[in-house]
Amino acid sequence: MRYSYRCNILYIHSRCKEVFMDRPELHHEAFDRELALLRAEERIGIEVGFIRRRPRKIEPLQLLKAFCMLLPGSCPSLRALATVLSVLCSEAVSKQAVAKRIGRPWVEFLKQMLALLLCKQLELKPVEGLFAAFERVLLHDSSVLPLPSVMAPYYKGSRDRTGRAYAQAKVQAILDIKNRSYLHCAVTDFTCNDQRAAADVLTFVGPGDLVIRDLGYFVLGILARIADAGAFFVSRYRHGCLLFDPNGIPVDLVEILNKEGHLDRRVCIGKAERLPVRIVAIPLPPSLAQKRRRLLRQNRDHRLNPGKRHLRLLGWAIFVTNVTEDIWSACEIREIYRLRWRIEIVFKA
């Protein structure tokens, strides 16, 4: 064994010990228990083509451990992965053997494992019964990743006041949280906003599915196509979208909420689209309403100048959906939409 390679193994071995001491959750047994995916791991590996026969040396979970151990410090190289795997397997693993295991099936394997872990963090058991009416529950969300400045020509990001461009990538993900699987993962420029990615879900949505998304994906034309596909959606209401009753008479949302305090009725939304929806408005605690108004006033985009009506509506959580009252009550809609907030926290962390 060459001296440099031997030193590399010794270094990685010492780094493994440091990582296990600093992050006890990555210890062999603790890490296995935390994943709790030993059975699912083999099923997923076979489904995505990562496992075609019983692995002789590199087990899928061991390769996953090696990635997790190296990621906190640097970008893992084939040599570094091989040396970590040599420690985990207690036998020599070459970088060529690692290279053979890393490809598109490995990427798909990582996506599905990540989906299982995300769903585990979401604590879905309290609301799983509310998903019984749907084939799949598709949660569409995004996250921004900062990159080294040399990547700015390839992943355009925001600019500071001096005009200097940052390198930022946006990850768009569609997760089926009912069946705990990834359907879609795409990396784009930061400049590709969520509204431009709103149509991505149309490739995957089918009859009986439910789509849960943030306000950034709100496009009436896309919501109409989701409904036309026989699927369901739930989204926050975008201020400024016109509402009409079934007879075509305009609905004054502020006036109704000022009188009744809450709302759950069928309307048509959009001046041109006239999409039939159910609009649900639930009053918020005064402290939360004031916080939302303060954040809107402090928005960095000075083009936004919220009026009195807009600020007044921030006192309610307002949702637009085509899920009927016999499936979900208004309170259940609010509880389901909290899932999107929870996954945003988990996903961005």
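Residue numbers (this note's numbering): 3 to 351. Glycine included, every Cβ here is placed at the ideal spot set by N, Cα and C. Quantities reported herein were computed from a predicted structural model and do not represent experimental measurements.
Between residue i and the rest of its own chain, which residues show a CB-CB distance below 7 Å, the 5 nearest in sequence each way excluded?
| i | result |
| --- | --- |
| arginine 314 | Val256 |
| valine 146 | Gln170, Lys172, Phe192 |
| phenylalanine 246 | Pro252, Val253, Val269, Cys270, Arg276 |
| leucine 90 | Gln64, Lys67, Ala68 |
| asparagine 181 | Arg138 |
| alanine 200 | Tyr219, Val221, Ile224 |
Which one of the options has the shortest CA to CA distance from residue i?
| i | options | result |
| --- | --- | --- |
| proline 278 | Phe69, Val236, Ala84 | Val236 |
| arginine 198 | Gln174, Ala135, Met153, Leu87 | Gln174 |
| valine 282 | Leu259, Ser88, Lys158, Tyr157 | Leu259 |
| aspartate 216 | Cys70, Ile347, Ala84, Gln64 | Ile347 |
| alanine 291 | His312, Val95, Arg342 | His312 |
| isoleucine 104 | Asp266, Ala84, Arg161 | Ala84 |
| histidine 264 | Gly242, Leu316, Ala274, Val221 | Leu316 |
| leucine 177 | Arg106, Lys310, Asp143 | Asp143 |
Since residue i is in the beta strand (DSSP E), which residue starts that stretch and which ends it?
| i | result |
| --- | --- |
| valine 139 | 139 to 149 |
| aspartate 266 | 265 to 271 |
| leucine 177 | 167 to 178 |
| phenylalanine 133 | Taken as a continuous stretch (DSSP letters only), phenylalanine 133 belongs to no beta strand (DSSP E), as it is neither H nor E. |
| isoleucine 320 | 318 to 323 |
| phenylalanine 235 | 234 to 238 |
| cysteine 186 | Checking the sequence, you will find histidine at residue 186 rather than cysteine. It spans 183 to 191 - the beta strand (DSSP E) in which histidine 186 sits, taken as one unbroken run. |
| arginine 161 | 158 to 161 |
Cα separation between residue i and residue j?
| i | j | result |
| --- | --- | --- |
| arginine 238 | glutamate 110 | 31 Å |
| isoleucine 329 | proline 148 | 41 Å |
| tyrosine 13 | leucine 72 | Residue confidence is low: tyrosine 13 scores 41 on pLDDT, short of 50, so the model does not pin down where it sits. Its coordinate-derived value is still stated next. Whole-angstrom Cα-Cα distance: 12 Å. |
| leucine 132 | valine 139 | 10 Å |
| valine 112 | phenylalanine 234 | Residue identity check: residue 112 is leucine in the sequence provided, not valine. If I take the Cα positions, the gap works out to 29 Å. |
| alanine 82 | leucine 297 | 45 Å |
| aspartate 202 | arginine 268 | 27 Å |
| isoleucine 320 | proline 287 | 14 Å |
| glycine 165 | asparagine 195 | 20 Å |
| alanine 231 | valine 189 | 26 Å |
| isoleucine 179 | threonine 326 | 21 Å |
| arginine 163 | tyrosine 219 | 28 Å |
| glutamate 93 | tryptophan 108 | 22 Å |
| serine 96 | leucine 119 | 29 Å |
| leucine 222 | alanine 274 | 10 Å |
| serine 160 | alanine 167 | 6 Å |
| proline 62 | valine 207 | 30 Å |
| alanine 99 | cysteine 187 | 27 Å |
| glutamate 262 | isoleucine 335 | 19 Å |
| arginine 295 | serine 88 | 56 Å |
| aspartate 266 | serine 289 | 23 Å |
| isoleucine 60 | glycine 242 | 56 Å |
| arginine 106 | glycine 272 | 42 Å |
| arginine 340 | methionine 153 | 35 Å |
| proline 155 | glutamine 300 | 31 Å |
Check the C-beta distance from residue i over to residue j and give it rounded, since I have them as a contact under 8 Å.
| i | j | result |
| --- | --- | --- |
| phenylalanine 136 | aspartate 254 | Not a contact, Cβ separation roughly 33 Å. |
| tyrosine 184 | leucine 244 | Contact doesn't hold; Cβ gap of about 37 Å is too wide. |
| asparagine 324 | arginine 280 | 7 Å |
| leucine 204 | arginine 240 | That belief does not hold up - the Cβ atoms of leucine 204 and arginine 240 are roughly 19 Å apart, past 8 Å. |
| isoleucine 284 | alanine 332 | 6 Å |
So, for residue i: in the same chain, excluding its five sequence neighbours on each side, which residues have a beta-carbon less than 6 Å away from its beta-carbon?
| i | result |
| --- | --- |
| alanine 101 | Leu80 |
| proline 308 | Leu298 |
| isoleucine 214 | Leu141, Val236, Arg342 |
| serine 151 | Ala169 |
Taking the alpha helix (DSSP H) that residue i falls in, what are its first and last residues?
| i | result |
| --- | --- |
| glycine 223 | 222 to 230 |
| arginine 280 | First-last for arginine 280: 277 to 285, but that is the beta strand (DSSP E), not the alpha helix (DSSP H). |
| isoleucine 258 | 255 to 262 |
| leucine 212 | Counting along the chain, leucine 212 falls outside any alpha helix (DSSP H), though it belongs to the beta strand (DSSP E) covering 212 to 215. |
| phenylalanine 69 | 62 to 72 |
| arginine 103 | 97 to 103 |
| histidine 312 | 310 to 315 |
| glutamine 292 | 288 to 299 |
| alanine 1 | Nothing in the structure corresponds to residue 1, since the chain is present only between 3 and 351. |
Within a Cβ cutoff of 8 Å, which residues of the same chain sit near residue i, ignoring the five residues on either side of it in sequence?
| i | result |
| --- | --- |
| proline 209 | Glu137, Ala231, Gly232, Ala233 |
| tyrosine 5 | Annotation note: pLDDT 42 at tyrosine 5 (below 50); position unreliable, coordinate value reported separately. Hits under 8 Å: none found. |
Can you find a C-beta in chain D that's less than 8 Å from the C-beta of residue i?
| i | result |
| --- | --- |
| phenylalanine 321 | Among the chains of the structure shown, chain D does not appear; only one protein chain is present. |
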